[in-house]
Amino acid sequence: MLTLVLPDGATREVPEGTLPRDVVGSIGPRLLMASVAVAVDGEIQDLMTPLRKGGAFVVITEKDPRALGVLRHSGAHILATAVRRLRPDAKIGFGPAIEDGFYYDFEVEKPFGPEDLEAFEAEMHKVCAEAFPFVREEVSQAEAKLRFVDDPLKLERLEDFEGSDEIISTYTDGPFIDLCKGPHIPDTSRLKHFKLLSAAGAYWRGDEKRQMLQRIYATAFFKKEELDAHLHQIEEARKRDHRVVGKALDLFMFHPYAPGAAFWTDRGTTIVNTLNDFLRELQADDYHEIRTPLLYNKGLWETSGHWGKYKENMFLVLDNESGEHDFSLKPMNCPSHYLMYAHKKHSYKELPLRYNTYDVLHRNEVSGALSGLTRVRQFQQDDCHIFLMESQIAEEVKRLTDFILAYYKTFGLTANLKFATRPETRVGTDEMWDNAESALKNALDATGLPYTLKPGDGAFYGPKIDFDVTDSIGRHWQLGTIQLDYAAPERFDLSYTGEDNSAHRPVVIHRAVSGSFERFIAILIEHFAGAFPVWLAPEQVRVLPIADDLAPQAAEVVKKMRAAGIRAKLD
125 MLTLVLPDGA TREVPEGTLP RDVVGSIGPR LLMASVAVAV DGEIQDLMTP
175 LRKGGAFVVI TEKDPRALGV LRHSGAHILA TAVRRLRPDA KIGFGPAIED
225 GFYYDFEVEK PFGPEDLEAF EAEMHKVCAE AFPFVREEVS QAEAKLRFVD
275 DPLKLERLED FEGSDEIIST YTDGPFIDLC KGPHIPDTSR LKHFKLLSAA
325 GAYWRGDEKR QMLQRIYATA FFKKEELDAH LHQIEEARKR DHRVVGKALD
375 LFMFHPYAPG AAFWTDRGTT IVNTLNDFLR ELQADDYHEI RTPLLYNKGL
425 WETSGHWGKY KENMFLVLDN ESGEHDFSLK PMNCPSHYLM YAHKKHSYKE
475 LPLRYNTYDV LHRNEVSGAL SGLTRVRQFQ QDDCHIFLME SQIAEEVKRL
525 TDFILAYYKT FGLTANLKFA TRPETRVGTD EMWDNAESAL KNALDATGLP
575 YTLKPGDGAF YGPKIDFDVT DSIGRHWQLG TIQLDYAAPE RFDLSYTGED
625 NSAHRPVVIH RAVSGSFERF IAILIEHFAG AFPVWLAPEQ VRVLPIADDL
675 APQAAEVVKK MRAAGIRAKL D
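Heads up, the sequence shown stops at 695 in this note's numbering, and the numbers go up one at a time, no gaps.
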């Protein structure tokens, strides 16, 4: 027997294999009608998957934020059902739910056009009206291969299960079958409010050496007004697109000779410099601004751990002496700041020691991922590394959090905090991670600010606090971060002399406020729709003489304004 614990503390004893829908129905028929899925001991499953374990039993209704992911995942299957009806030759790839909707990948001979999306959407409504139940079935490797014998992409996916004891499951809705873990809504009629948004090329499994598929993006909501609001947001974002507004305001440009690297005009450079100067002013008394080299031998990255875990994202440089790619442009500032710290001895009296920089960084993003200023290969980052004693963590995190939130408030941006814990791939011992996570969580709790948990989303060297910013049209952007690092001081043998006159390990905090200036400026362009606050605007005043004989006087006015530090222009 399995013991299920309901939210009110009541318990239910049920045989293993009981369907969740039967449990929900026994609680109340109205609750069953409203249910989308259930969570058993924190794990979401659909209503028709037999129970295998007990634990906390929560019914997920439309009001639960987790329900939207289930709905959208099912929307992807319904999309594939419609596409296969109209295009039986389409080979199916993956179809997950994503943050703002869902997508599905198809291998077809020619790209989908707007008329195809219209037809697919109309067919989806028919599939929904037919109320096909989502039926889950667990199958063997051999049986799965037979079911997907005509789908080479699925057969390749099945190869991932070779030699594994992982359960292989399929879901069927009407004529369509897919390889899927679930969960799904009870039947296709539960999807009512959705929209196909666009189609774009996407490499199979994200590998640019593989075939190009057609990815259809879509979104879905439980309520029509929520869908309408989201579509309005998309249209508003289209009007504010920083690539369009930035061009109209003559802020920056790109060129094929330097893919992923912005050319800033004088107007755009004014914005970059103004942001730099603003941060410099805020940090003048507490931070040491430094500059470090752009190019490093691989020895630095081997010590830091990046050479083994991040090499594919680095621009490698050939060493003429060795004939090997033994150098790289720096993709981040951290290791160079450790070298700066280690070049001389430090006392506990100096800590916290805060190094700040605005150096340019390079990351080898794949060409297909580049997008305006939001995804680039060359960028400038407001980057800070703080060396401190463990006893100073709580006070420093509070200080940094207040600073970052106040900075965002200057631009009318609001932020939510997220606490990200250890990822699967990481450096350092479990003991280091236990200490780091405990210290950062305690410091975060001490601020009194609300936050959400992001398990497994920390940096490979330590847990972090992410600042999720909401702009003027309600979109979310991950910007600032506070990352705690116990591993780097060990790797680089960093130390300070304590009050007891012996050597101690410092702790490192990685801190960024804007992230990259390129991405932050893109967000500001769209947030303000190009109408920057006066202090940030590249042009603050324009003087227009209403007659030719007033031009000299107008020029004198502009001259005086410029002398006073006002960015004025004569028209």
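Think of the CB as a built atom: it goes at the ideal place given N, C-alpha and C, for glycine as much as any other residue.
Asked, Found
"Unbroken stretches of the beta strand (DSSP E), 3 residues or longer, contained in the segment 358–445", "419–421"
"Environment of residue 467 [buried if 16+ CB atoms lie within 10 Å]", "exposed"
"Contiguous alpha helix (DSSP H) assignments of at least 4 residues, all confined to the segment 247–313", "265–271, 276–283"
"Close Cβ partners of residue 498 (< 7 Å) along its chain, the five nearest in sequence each way excluded", "643, 646"
"Touching by the beta-carbon criterion (3+ pairs, under 8 Å), the segment 181–199 and the segment 153–163", "yes"
"Status (buried if at least 16 other CB within 10 Å, exposed otherwise) for residue 582", "buried"
"Runs of alpha helix (DSSP H) lying entirely within the segment 581–632, each at least 4 residues, in chain order", "611–615"
"Close Cβ partners of residue 200 (< 6 Å) along its chain, the five nearest in sequence each way excluded", "219, 226, 228"
"Cβ shell of residue 276 (< 6 Å), same chain only, five flanking positions each side left out", "none"
"Per DSSP, cross-strand counterpart(s) of residue 540", "592"
"Residue 473 in three-state terms, based on DSSP", "helix"
"Candidates 510, 536, 453: closest to residue 503 by CA position", "453"
"Alpha helix (DSSP H) runs wholly inside the segment 135–176, at least 4 long, in chain order", "144–151, 153–158"
"Contact the segment 129–143 vs the segment 175–186: 3+ CB pairs below 8 Å", "yes"
"Secondary structure of residue 335, DSSP reduced to three states", "coil"
"Backbone secondary structure at residue 226 - three-state DSSP", "strand"
"Exposed unless 16 or more other CB atoms sit within 10 angstroms - verdict on residue 246", "exposed"
"Residue 632, buried or exposed, once every other Cβ within 10 Å from all chains shown has been counted against 16", "buried"
"Candidates 377, 346, 579: closest to residue 313 by CA position", "346"
"Alpha-carbon to alpha-carbon, residue 460 and residue 155", "58 Å"
"Burial state of residue 563, where buried means 16 or more other Cβ atoms lie within 10 Å", "buried"
"Rounded separation between residue 167 and residue 469 - CA only", "50 Å"
"Rounded separation between residue 165 and residue 127 - CA only", "11 Å"
"Own chain partners of residue 500 with C-beta closer than 6 Å, once the 5 adjacent residues on each side are dropped", "384, 642"
"Span separating the alpha-carbon of residue 357 from that of residue 142", "43 Å"
"Integer-rounded CB distance, given that residue 472 should sit under 8 Å from residue 623", "6 Å"
"N-terminal and C-terminal residue of the alpha helix (DSSP H) that residue 683 is part of", "675–687"
"Within 8 Å, strictly: CB atoms of residue 361 and residue 599", "yes"
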